[in-house]
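Trainee: Take a look at the following structure, please.
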Amino acid sequence: MTHVIAYLSYDPVLHVDLGLFQLSPHGVMIAVGVLIGARLTLPRAAQRGITADQVLDPLTWALLGGIVGARLAYVLNHLGSYADRPFDIVRVWEGGFSLLGGLAGALVAGYPKLRQLDIPLWRYLDAAVPGLALGIAVGRTGDLIIADHLGKPTEFFLGYVCPTGPTGSPCVAPAGQAVHQTALYDMVGAALVFALLVWLARRPRREAFLTLVFAASYGLVRFVEGFFRLDVTHGTGLNGSQWTALVVGVVAVGAL
């Protein structure tokens, strides 16, 4: 049998040495994604009577909560890895974050500020979710640069071939083995969700509609994508992100 040869093969770039310090492409692209998402949100919020300051003040709290939530969700899903080294939990610079946990943390941290400013939650989120979807897609390019979130072995032509040399790649498969590059799937999925939201937003919608569409559609992306990952399933057949995406997606569809 002739096997399909994966076409994606490159050495990951974990850091860019700038002399006095090293720059992480992963962190840079996340920051770019946040900036693009925020910039896209501002005019959409203005259409809903929300000023720039009213967008950015809750966003600042949401970003802080997102970092905490992303780390906490990752640690809870990998408690066994920290049993013998609990102090590693605070070593956030070494990586280990959950995007869905970050979204939950952002919501929890940003909501009190929205209440303080007397801004309806759904109105704010409806303005923000298109930018959020695009920001996720942009941020995932950082995962591609460092070759993160590599999944199960595959013969799919967009699989990532693990480097043969000591490049610092996180690939745990044998050198030359093609694996699913789930960050690529997530990037494409988030971009499609963004396009869907922009298309739906062309005409007036009831409050919360765009937010629920985002939750349902991106939840579907993460649920399907999870089957190609190498995440901990705790014997359930589904990883933590899949369970979260499933619950949120079902609730969102029911509320549409």
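Sequential numbering of the sequence shown, starting at 264, is according to this note's numbering. Where is the CB? At the ideal position from N, CA and C, for every residue including glycine.
#1: Rounded to a whole number of angstroms, what is the C-alpha to C-alpha distance between ARG307 and LYS376?
#2: How would you write the range of the alpha helix (DSSP H) that GLN505 sits in, first residue to last?
#3: In this structure, how does DSSP classify GLN379 when only helix, strand and coil are distinguished?
#4: Do TYR423 and VAL442 have their beta-carbon atoms positioned less than 7 angstroms apart in this structure?
#5: For ALA441, does the three-state DSSP call read helix, strand or coil?
#6: Provide the residue(s) that pair with LEU204 in DSSP beta bridges, ordered along the chain.
#7: Considering only residues of the same chain and omitting the five flanking positions on each side of THR507, which have a CB-CB separation below 7 angstroms?
#8: With three or more C-beta pairs closer than 8 angstroms as the rule, is the region 463-477 touching the region 383-395?
#9: Of the residues VAL371, ALA315, ASP389, ALA410, which one's Cα is nearest the Cα of VAL276?
#10: Give me the Cα-Cα distance between TYR374 and GLU418, rounded to the nearest whole angstrom.
#11: What number of angstroms, rounded off, separates the C-alpha of ILE382 from the C-alpha of GLN440?
#12: Using only the alpha-carbon positions, how far apart do VAL401 and MET292 sit?
#13: Which value, in whole angstroms, describes the spacing of the CA atoms of LEU380 and ALA372?
#14: Leaving out five residues on either side along the sequence, give the residues of the same chain with a beta carbon under 6 angstroms from the beta carbon of ALA369.
#15: Spell out the partners DSSP gives GLN317 in its beta bridges.
#16: So, helix, strand or coil for THR265, using DSSP?
#17: Please classify GLN444 as buried or exposed, where buried requires at least 16 other C-beta atoms within 10 Å of its C-beta.
#18: Alpha carbon to alpha carbon, what distance is there between ALA446 and LYS415?
#19: Measure the alpha-carbon distance for VAL513 versus TYR337 and round it to whole angstroms.
#20: Should GLU470 go down as buried or exposed, given a rule of 16 or more other Cβ atoms within 10 Å for buried?
Mentor: The answer reads as follows:
#1: 19 angstroms
#2: 503-518
#3: helix
#4: yes
#5: strand
#6: What is shown of the chain runs 264 to 519, which leaves residue 204 out entirely.
#7: LEU363
#8: yes
#9: ALA410
#10: 44 angstroms
#11: 51 angstroms
#12: 7 angstroms
#13: 14 angstroms
#14: ALA325, GLY328, GLY329
#15: According to DSSP, which records beta bridges pairwise, GLN317 is partnered with nothing at all.
#16: With a pLDDT of 43 at THR265, under the threshold of 50, the modelled position of this residue cannot be trusted; read the value that follows with caution. DSSP places THR265 in coil when its eight states are reduced to three.
#17: buried
#18: 13 angstroms
#19: 23 angstroms
#20: exposed
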